[in-house]
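Written below as structure tokens is the structure these notes are about.
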Amino acid sequence: MNASTPTTGTLRASGLVRRFGTKTALAGVDLEAGPGGVIGLLGPNGSGKSTLLRILYGLVRPDAGSVELDGAPLEGDGLAIRQRASYAPGEIALYGELTGEKHLAFLLRGRGREALEKANSTARELGLPLERRVRGYSHGMKRQLLLSAALAPSVRVRILDEPSEGLDPAKRGEVLALLEREKAAGTTILLSSHHLGEIDRICDRLVFLHQGKKLADETRERVLERARRLVRVSFDAAPEERVLAGLPGVARLRLEGARAAIELESDDPREFLAALASERRLSAPRAIEYGALSLPDLLRELYGVEAL
Amino acid sequence: MRSELRAKLWMGLAYFVVLEALLVAAMLYWPQFAKNLEHLKSLIPLDVLRDMADKIEESGASAYVHAQHFFKGCNALGGLVAVIFAMNAVAGEAQRGTLEIWLARPLSRRRLLLERWFAGAFWVSVPILVSTATVPFLGSLVEESFDLWRLLLCAAHQSIFLLAIYSLTFLWSTASSNPLAIGFSMLLAAIAELSLYMIERLTHWSAFRLADVGVYQSIYDEGKLPWPITLSLAAVSIASVLIALRVFARRTP
């Protein structure tokens, strides 16, 4: 298999477990991706996003589980996977003494001349001064250099760890436009991100990780729909869970002291709100929030996980 | 491979220049050294060093070259360069955080590690061979003649000795993220080994006994390598590289 041979871009991971000493970074994660589409990995720091991406790219060996990219299993040192995919690391550490141009050549060794030319062109499109030494680059410029290299090889799977972290809004927009172009070309992209705009705009599926476990794997539409069905109610005192759960239209309920997050069965909250107002076993609500909540709100309310 | 060699080019050249400068100075000093050897011997406080002076008195300029160039110059300077190249090989990448981008390219880990090992090995050993090749010419300036082939055998043995040190350090680097700790530890080990060498009763426990004037004089006189020693040193290198490959295959960026 040549390093630049195009593949169809399917990725299957099953039962991935990885421990670092006594800490379990991944505790049995399954994931399927492609062909095509953008999958966003979400989760607080330490949830296992980077470890998962590194395993999927063949950089870290799992303690258990398997990875397969277009039929090529993750075995040995993961070379077969790395030849079929490209990767941008989340942690930025570059060789400061190299110029941007030489750095791209370093990053793309083994990918062919065409990939290098494409990376140079992308980097110039992003306005990077390739003739300058990388030690003079800002954090955002370094991020863009890594991304230029990751988007260059002729592969069908790209694994991007925090591709827009540290970028100003204008640059983030340019980077997202590049990713959308890749998506339109049918490339499978796995990315981790903390930026909601990114997730809303380009991801087809969202996978939420917490403490090394997969909490949710849903389409973007489904997540947004759930966001529209979420009602947050604050009371003066903790309400009775049984009473709240018995109100019409309640699909799921999570209580946190005097606050309740309620996922409704439909987009229309009127029946629920009317029942809430007339239910005498509950104290009068102090505040009611309803509408398209932000993704961190949604994930906090649905899964009880903070700190996106 | 070329990029790995280029990355060490300036340090390798600097190592060669200093090694050659030491050799030139030593060779030009030879006539005076030979004239005053008797007086110098009386000033030497240690038996081990006095033995070395005896060998020079007995064998002449060739033993002097072994002492100055191989035992002193190559062991000290070459050992330092070997440790510096090896300690940074993988641990240096880990420490500055570049291990991940180094490993993330579509190249096998075996290839990455072997390229790095060979590049360092090249720059540790080639300056020794090249500088040694200039000894006959430098000898002619002080009216001494040398057998180039026998000198190159000595240089080969010296290189294999340093490559064993290089490979052991390289193995350690493969498993570590702290190159300075490796460097200081190797420096302390070298000082301890040299101290052992200087103590008459313990000198035979020192690793420097495997590359001292006596060894080189026998290589030069007999025109062949001391195979048990040379092969043992080569085996240390090979074993270190094989273990390093195993360790590196599981290394997490």
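Chains as they are written, first to last, in this note's numbering: chain A, 1 to 308; chain B, 309 to 561.
Yeah, the Cβ is synthetic: ideal placement off N, Cα and C, and Gly gets one too.
inquiry  = Would V398 of chain B and R559 of chain B be called neighbours here (beta carbons separated by less than 9 Å)?
reply    = yes
query = Three-state secondary structure (DSSP) at S219 of chain A?
reply = For clarity, residue 219 of chain A is Thr in the given sequence; the question names Ser instead. Three-state result, T219 of chain A: strand.
ask   = At a Cβ cut of 8 Å, what residues of the segment 45–79 of chain A count as close to chain B, listed as they run along the chain?
value = R54, Y57, L59, V60, R61, G76, D77 and L79
inquiry  = Please tell me whether V233 of chain A and R252 of chain A are closer than 9 Å, where the distance is taken between their beta carbons.
reply    = no
ask   = In the structure shown, what three-state DSSP assignment does E162 of chain A receive?
value = coil
message = Counting only beta-carbon separations shorter than 9 Å, does L308 of chain A have a partner in chain B?
response = Interpretation of L308 of chain A is limited by its pLDDT of 47, a score under 50 that renders its predicted location unreliable; the figure taken from the coordinates is listed afterwards. Cβ-Cβ to chain B under 9 Å: no for L308 of chain A.
ask   = If you drop the 5 nearest sequence neighbours on each side, which residues of the same chain put their C-beta closer than 8 Å to that of L98 of chain A?
value = F106, R133 and V134
ask   = Who pairs with T188 of chain A in a beta bridge, going by DSSP?
value = A:G37 and A:V157
inquiry  = I'd like the span of the beta strand (DSSP E) that includes F20 of chain A, first residue to last.
reply    = L11 to F20
task = Kindly indicate if chain B contains any beta-carbon less than 9 Å away from that of F208 of chain A.
result = no
ask   = Taking the Cβ atom as the reference point for each residue, do S164 of chain A and V175 of chain A lie within a distance shorter than 9 Å?
value = yes
ask   = Between the beta-carbon of V443 of chain B and the beta-carbon of L461 of chain B, is there less than 9 Å?
value = no
query = Which first and last residues belong to the alpha helix (DSSP H) in which R424 of chain B is found?
reply = R417 to A441
key: Span of the alpha helix (DSSP H) around F469 of chain B   = L456 to A483
message = Give me the DSSP bridge partner(s) of G311 of chain B.
response = The question names Gly, but residue 311 of chain B in the sequence shown is Ser. Paired residues: none, contrary to the question.
key: I262 of chain A versus V250 of chain A - alpha carbon distance   = 7 Å
key: chain B within 9 Å of R281 of chain A, Cβ atoms only   = no
key: is_contact[L461 of chain B, chain A] using C-beta, thresh 9 Å   = no
ask   = chain B partners of Y290 of chain A, CB-CB under 9 Å?
value = Those do not exist, as Y290 of chain A stays about 44 Å from chain B at its closest Cβ, beyond 9 Å.
inquiry  = According to DSSP, simplified to helix, strand and coil, what is R61 of chain A?
reply    = coil
request  = Please decide whether A93 of chain A counts as near chain B, where near means a Cβ-Cβ distance under 9 Å.
outcome  = yes
request  = Under 9 Å between beta-carbons, which chain B residues line up against L107 of chain A? List them in chain order, please.
outcome  = I409, A412 and R413
request  = Return yes when the Cβ of F426 of chain B is within less than 9 Å of the Cβ of M309 of chain B, no when it is not.
outcome  = yes
inquiry  = Any contact between the segment 524–538 of chain B and the segment 365–379 of chain B? By contact I mean 3 or more CB pairs, one from each, below 8 Å.
reply    = yes
ask   = Taking buried to mean at least 16 other C-beta atoms within 10 Å of its own C-beta, is K49 of chain A buried or exposed?
value = buried
query = With 16 other CB atoms within 10 Å as the buried threshold, where does S138 of chain A fall?
reply = exposed
message = For T51 of chain A, which residues in the same chain have their Cβ closer than 7 Å to its Cβ, ignoring the five residues on either side in sequence?
response = R18, A25, L26 and V60
key: Beta-carbon separation (whole angstroms), L470 of chain B vs V521 of chain B, contact threshold 8 Å   = With 8 Å as the limit, L470 of chain B and V521 of chain B do not qualify as a contact, their Cβ atoms being about 16 Å apart.
query = According to DSSP, which residues form a beta bridge with N87 of chain A?
reply = The question names Asn, yet the displayed sequence has Tyr at residue 87 of chain A. Y87 of chain A is bridged to A:I159.
query = Is it a yes or a no for the segment 389–409 of chain B touching the segment 531–540 of chain B, going by three-plus beta-carbon pairs under 8 Å?
reply = no
Chain B contacts from the segment 114–137 of chain A (Cβ-Cβ distance under 7 Å) = none
request  = Can you give me the Cβ contacts of P6 of chain A inside the same chain, cut-off strictly under 8 Å, excluding the 5 residues immediately before and after it?
outcome  = Only weak support is given to the placement of P6 of chain A: the predicted model assigns it a pLDDT of 47, under 50, and the question is left unresolved by the model.
request  = Would you identify the three-state DSSP class for S4 of chain A, choosing helix, strand or coil?
outcome  = Note on S4 of chain A: pLDDT 45, under 50, position unreliable in the model; the coordinate value appears next. Residue state, collapsed to three classes: coil.
request  = Could you tell me whether any Cβ in chain B is nearer than 9 Å to the Cβ of Q83 of chain A?
outcome  = yes
key: C-alpha distance - G36 of chain A paired with R54 of chain A, whole-angstrom precision   = 20 Å
task = Identify the continuous beta strand (DSSP E) that holds Y290 of chain A and give its terminal residues.
result = A287 to Y290
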